[in-house]
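Line order of the protein sequences matches chains A and B. The letter at position 112 of the first sequence is residue 112 when you use our numbering, and the numbering goes up by one with no holes. For our numbering, count along the second sequence from 1 and bump the result up by 10000. Glycine included, every Cβ here is placed at the ideal spot set by N, Cα and C. Being a predicted model, the structure only gives us computed values, none of them experimental.
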Amino acid sequence: MLRWIRQQLGFDPPHQSDTRTVYVANRFPQNGHYIPQRFADNRIISSKYTVWNFVPKNMFEQFRRIANFYFLIIFLVQLMIDTPTSPITSGLPLFFVITVTAIKQGYEDWLRHKADNEVNGAPVFVVRSGSLVQTRSKNIRVGDIVRVAKDETFPVDLVLLSSDRADGTCHITTASLDGETNLKTHFSVPETSVCQSVSQLEALQAVVECQQPEADLYRPLGPENLLLRGARLKNTKEIFGVAVYTGMESKMALNYKCKSQKRSAVEKSMNTFLIIYLVILLFEAILSTILKYAWQAEEKWNEPFYNQKTEQERNSSPILKFISDFLAFLVLYNFIIPISLYVTVEMQKFLGSFFIGWDLDLYHEESDQKAQVNTSDLNEELGQVEYVFTDKTGTLTENEMHFRECSIKGTKYREVNGKLLPEGMTDDSPDGSVIGDEVLFLKAVSLCHTVQISYDQPDLPLGASDPFSHVNGFSSNHMEYYASSPDEKALVEATKRWSLNCCFNYYILKITIFCRRQQLFLWIPRYKLLHLLEFDANRRRMSVILQTPSGGTVLFTKGAESAILPFATSGEIEKTRLHVDEFALKGLRTLVVACRHFSPEEYMDVDKRLTAARTALQQREEKLQEAFDFIERDLQLLGATAVEDKLQDKVQETIEALRLAGIKVWVLTGDKHETAVSVSLSCGHFHRTMNILELLQQRSDNELNLSKEIFLYGHLFLFACRIKEDHVIQHGLVVDGASLSLALREHEKLFMEVCKNCSAVLCCRMAPLQKAKVVRLLKTSPEKPITLAIGDGANDVSMIQEAHVGIGIMGKEGRQAVRNSDYAIARFKFLAKLLLVHGHFYYIRIATLVQYFFYKNVCFITPQFLYQFFCLFSQQTLYDSVYLTLYNICFTSLPILVYSLFEQLVHPHVLQSKPCLYRDIRKNSLLSFRTFLYWTVLGFCHAFIFFFGSYILMGEDTTLMGNGQMFGNWTFGTLVFTVMVITVTLKIALETHFWTWMHHFVTWGSIAFYFIFSLFYGGIIWPFLHTQDMYFVFVQLLSSGSAWFAIIIIVIICLSPDVFKKVLYRHLQPTSTQKSQVLEVMVFVLSPHDCSLITDESRRNITVIMTSSVTVLIVLC
Amino acid sequence: MNMRFYRTTMKEEGNSANRPSNTAFTQQRLPAWQPMLSAGVVIPGFLLIGLAFIGIGVGLLITSRSIQVLELDYTGTETSSPCYQCTMSNQSNCVCKLSFSIGTLFKGPVFFYYGLTNYFQNQRKYGVSKDFNQLIGDVSYFKSPSSDCQPYQRVNGKPIVPCGAIANSMFNDTFKLYQIINGKEELVPFDGKGIAWWTDYNIKYRNPDYTPLKNAFNDTEKPVFWTKPAYELDTSDASNNGFINQDFLVWMRRAALPNFRKLYRRITEGNYKDGLPAGNYSLEISYNYPVISFEGTKKVTFSNVSWMGGQNEFLGIAYLVIGSMCVVMSVVMLIVYAKFRFPEED
């Protein structure tokens, strides 16, 4: 019983065993040893709420926010004790804020529900009681046999039982899971592959023993028996499979991981400010309470004859009174914490982020992809980036590989006009036909890969009888290759070009080698694929074990030179190494190819080890690793290939712009260092004039670890000295993975010192986790710089998640990076606009938004505080309750929201053409303590002016009306409030540089709304109100000429020093942003029509003035 | 140019499903006015505002100076004061006379105010201590006044109408003004109409619909400090009696600050329509309201008004000061502008 409860509460995992046993078609054994296991149903639930739990759950989540919780407490205090304002004044805004957030979250959840229902309600065919039954996807249970037809997606994780093919194979594509478009072959167990019909399946008695669900996509059940939910069946008419993981336990669902919450620097400073304001609030409340008691110490103020206390008040305990007074003051001043700040910020981010997706400049025409915003929480962080960590392949380069050169047995070959020629030969030179070693090399290249072919007529009986038929079938250009790695694709395409035509179809490999110039001799040997040793990032190589036509067994392996050369025992090792380095110097990507021949006994051993490792249920990964290491050694080196990866468009300009913007760019790549350096040079990351410091692991591994460290330390020290000496020259640092990990372990500080002083850093030979480590190191360094990581592949995911802002490139390596990123763009060059324009705008917008919010609430509540000095600290409110309630939600909410959505300090073109403007906002400068102080002090000053301006006006206690009648306290409060609404609205108008019709509408509209509302509110006796304090107060106020003059003068007193200050600063200490505003205005004077009138001479003058904004001029003319 | 654009849009239709729409809104290219606070714009602006404000300031100051004000303190704390004996304890129905003279014609209409200092009508507890439902004449609330009125809710078990601290503490000094003409005192007629807000008198406050009014107040008690019940506030004029008594209304509108003035009467009738002529006057005060206990003072004020109300130098001075500051600021900006004409590019 206890255990059951614990299970239900989630203390004990419900599944006790490490494996799950699935009875196919739920035919359980009869002998009774069976313990039923409970599995989840096949419902996918991505939604957070249901209709029933939405209100409590959403409320709970919202009140976990400190600000909301604070207002809840205030509200409860108001309910409990006698406070100056009614609970409605804080309850209503809180309700409003909570409702707006709840509506937004509810809407998002509704969308998720809709998507879920679509998925869960999709029709599927299940074998039940001897026939095919159509049912809904959500009704599938573990153990059901499911039929999937061609081009359908799998509704559940299935173990393949049979397909319409005799050999029980099928092809799938996992494009929607990981974006890999290549076709993957999956197999069924031979015993079940015969069950191709429902009736045969009916007779099947089988058990699937499998692991408990886990998230790793790339660790499938057995040797490719598992068909993952979300993948799509291709080239196969239909398959039957048994459901093993259903619903939320399927691998796809387990991969729906909640992203770690990243918080932006703005949000952090916002929270700091909130705490400061909380302190101010507490201070004001305590001060008021103390002063109240100091005042009340004198009897005449404590209880004047006209305002006596009740018996109850006289007799209550002083401590209780003190506390309740303190709480009452807290309630009175609580509006100093801007309640609507969070909801406005949230709306600003949510709505504002649409502009990124909408931007045509971030739209990539060729791939039809626009920028994608995965989280809107970090918009402003784009304006704060100090370090950019970029991947190289696919990010800086196109990831479109073309074969260029190769090295075979120590001879270099080049591809010329689709032919492979030894170095030094020209096209016309006599046939150096492919022979001997070359053939072996080419075989290796053409056999050792995982490329799939899509053919136009997929139902052709391939693999079957006549070799000629499919040779003909393929002979033309019908073939299209699907590869998970572009390098492989390039190599296979290259081998095809050199008439070594190959196709790789399930486990029979056929190679057709055409002789050059079509006078063919046809050679169709058959290779049987025995084992595939998949690529992984740690091994950095992949292998195939094949049975040759002659019956021998051979292993072909290819991979990074560092992953193969150490294991090579024969072949032209030194020469190949030399060639590989030469290739790398040209910026080509290199792969080394090697082979190993097995004797039958050796193969037996290998086969046993592999099978054992693959079928292991536990620690499969480790066991496989061991087996692979055992197999891939004693290699015979065959040669090396060199593939070119083209640079993306405008990479150099983008990197240059980022550098001008004060952003340090680090390239982190897995490539070898020569390749990396040459690409760095060609993409402008390194300049020719740069002094390049190299920190590389010595190749010869015979030194002791200790001496390596000393060596490293020496280098680092030397670099540090050199950098100090040489201020003029820019330094670039190259460091490889091994040295990096050593440096990080031993000399972190010194290393960071060197890195920070280098204008460009290149890390090569990096493992994915190392990339993340570098990012984390920079992130946690004392200056706490804001980092951005950009990459396109699965190996960049850890870095993307680690950095403050993660950007995914929608490249060719799947969508993993995009899915895990915060923003995704199609090309590297878009980064410039994303950071320099969007980032800048968002930062300015949100920073001003935050500051302004605090400012306007200081303005709001300080007069109320000051009023306490004139009313014996009796907690009398200055403003009416309705005004207190509506100030933040109606009167002053829209102008700042519109400002924060549309403000453009400078024209986007200027921002992009002058990256240095980005420096103006670095280090969170608009939210620095100084700016914060400015806004807060300004708020206090304005509040003093509102209050004392009105005080002096009214305090002379003369009438302000032509009929001699007097005003009361509510008129006084309304005067202060009116002045405040106008001033606060005009203050944001002063900050606005970009006035669209919307700005005009909300600015003037807010003021007008305030007047209209007040007239309306004061014009009616409201039946449900307790008192009619405000009846006709506003009209009376407006009927006084003096009040009008007072309103005008107080507003001017508040705003004119601000204008004065702005002008002085603009002329005495202009920021570069302000300077460029001047330029911009000059540019805009020139309409295209004017441009045509400009004579040559004056054009020269203009160009002289605007050397730095030439682009703008061109754009406009 | 147009052609090219057309062609690209045609091309889009094929395979550009994701292409963002090219509108001014989505591309953040909305037509916008981009004002810049540069010296070139601000200097003339400031100069203009400054000059205008100086002009307005002079006008306001002149208007304010033309208003005549006469203020007399009658608290009686000093022994020389005619009201000194009234401050002694247990003086009921104490009357004192204040003599003063006016040198020139005090132009009419003259407004007569009473003023209190150190009197906190703006305390919270005091302010809420009333029952609005009673004051709109709802007799059901006469029996059970709002609990806000405590401790002025009930006396001797009977409900107080009007209940609460504000009503209870209503100012009850009365004044009569005599002009001394040839040694004879001639009563200056006071006009008690139009001293409260029109809306308060006509809409916000209502008497219960009873004739005589007294019947509505059966089984109720008058406020403890009052000498007569609400329905006898002005027995001579039914439209000024009960809750719509204008003195009562004036008192019920709480003052914002501890030193305040309230309108008592207007002098608009008879010989004094054009104002108070020069001469000697005597103000007869029936001194009831105690202020000594909280160090308050009482005073009366004669004032006439302009369109902008009573005498108020603040506005005129503020306009003059701000106007001149604007001029000074514009001069400073001009100097700065001349020196640092263009922010240099570096």
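By the DSSP assignment, the alpha helix (DSSP H) with residue i in it spans what residues?
i	result
A/Cys595	Note, A/Cys595: premise wrong, no alpha helix (DSSP H); beta strand (DSSP E) at 589-598.
A/Ile1042	Sequence check: residue 1042 of chain A is Ser here, not Ile. 1041-1068 is the extent of the alpha helix (DSSP H) around A/Ser1042.
A/His113	87-120
A/Ala67	66-80
A/Asn53	Run containing A/Asn53: none; DSSP gives neither H nor E here.
Taking the beta carbon of residue i as the centre, do at least 16 other beta carbons fall within 10 Å, making it buried, or is it exposed?
i	result
A/Phe474	In this prediction, A/Phe474 has a pLDDT of 40, which is less than 50 and means its spatial position is unreliable; what the coordinates show is noted afterwards. Per the 10 Å Cβ criterion, buried.
B/Val10128	buried
A/Tyr1065	exposed
A/Pro486	buried
B/Ala10338	exposed
A/Lys829	buried
A/Thr50	exposed
B/Ala10024	exposed
Give the residues of chain B in contact with residue i, contact being defined as C-beta atoms less than 9 Å apart.
i	result
A/Thr931	Chain B residues near A/Thr931: none, gap ~18 Å exceeds 9 Å.
A/Gln904	Gln10028, Ala10032, Gln10034
A/Val1059	Leu10037, Val10042, Gly10045, Phe10046, Met10329
Please confirm whether residue i has its beta-carbon closer than 8 Å to some beta-carbon of chain B.
i	result
A/Arg633	no
A/Cys1054	no
A/Cys871	yes
A/Leu1064	yes
A/Leu894	no
A/Lys309	yes
A/His1026	yes
A/Gly571	no
A/His1067	yes
A/Phe389	no
A/Ile1049	yes
A/Pro1088	In this predicted model, A/Pro1088 has a pLDDT of only 45, less than 50, meaning its place in the structure is not dependable; the value taken from the coordinates is given anyway. Cβ-Cβ to chain B under 8 Å: no for A/Pro1088.
A/Phe1032	yes
So with CB distances below 8 Å, who are the chain A contacts of residue i?
i	result
B/Asn10312	Leu953, Glu956, Thr958, Leu960, Ser1042
B/Arg10265	Going along chain A, no residue has its Cβ under 8 Å from B/Arg10265, so there is no contact; the nearest lies around 10 Å.
Counting contacts by CB-CB distance shorter than 8 Å, is residue i in contact with chain A?
i	result
B/Cys10086	no
B/Ala10338	no
B/Ile10322	yes
B/Lys10204	yes
For residue i, decide whether its Cβ has a neighbour in chain E, counting only Cβ atoms nearer than 8 Å.
i	result
A/Val126	The structure shown contains no chain E; its protein chains are A and B.
Using the beta-carbon of each residue, which ones in chain B are nearer than 8 Å to residue i?
i	result
A/Ser913	Residues of chain B passing the Cβ test: none, with the nearest at roughly 14 Å.
A/Ser874	Phe10120, Asn10122, Gln10123, Arg10124, Lys10125, Tyr10126
A/Lys370	Asn10018, Arg10019, Pro10020
Going by DSSP, what residue range makes up the beta strand (DSSP E) through residue i?
i	result
A/Asn640	Residue identity check: residue 640 of chain A is Ala in the sequence provided, not Asn. Per DSSP, A/Ala640 belongs to the beta strand (DSSP E) from 635-647.
A/Gly806	805-809
A/Gln134	131-136
For residue i, go through chain A and note every residue whose CB falls closer than 7 Å to its CB, in chain order.
i	result
B/Cys10149	Neighbours of B/Cys10149 on chain A: none; closest Cβ ~10 Å, over 7 Å.
Under 7 Å Cβ-Cβ, which residues of chain B neighbour residue i?
i	result
A/Asn969	Asn10122, Arg10254, Ala10255, Ala10256
Item to check | In chain order, each beta strand (DSSP E) run of at least 3 residues that lies wholly inside the region 10265-10341 of chain B | outcome: 10279-10287, 10298-10304
Next on the checklist: Could you tell me which whole alpha helix (DSSP H) segments of length 4 or greater appear in the region 362-389 of chain A?
Outcome noted: none
Item to check | 4-residue-minimum alpha helix (DSSP H) runs that sit fully inside the region 289-359 of chain A, ordered along the chain | outcome: 299-302, 311-315, 318-333, 341-352, 354-358
Checklist entry - Which whole runs of the alpha helix (DSSP H) in the region 10104-10140 of chain B are 4 residues long or more, in chain order? => result With a minimum length of 4 residues, the continuous alpha helix (DSSP H) runs that stay inside the region 10104-10140 of chain B are 10124-10128, 10132-10135.
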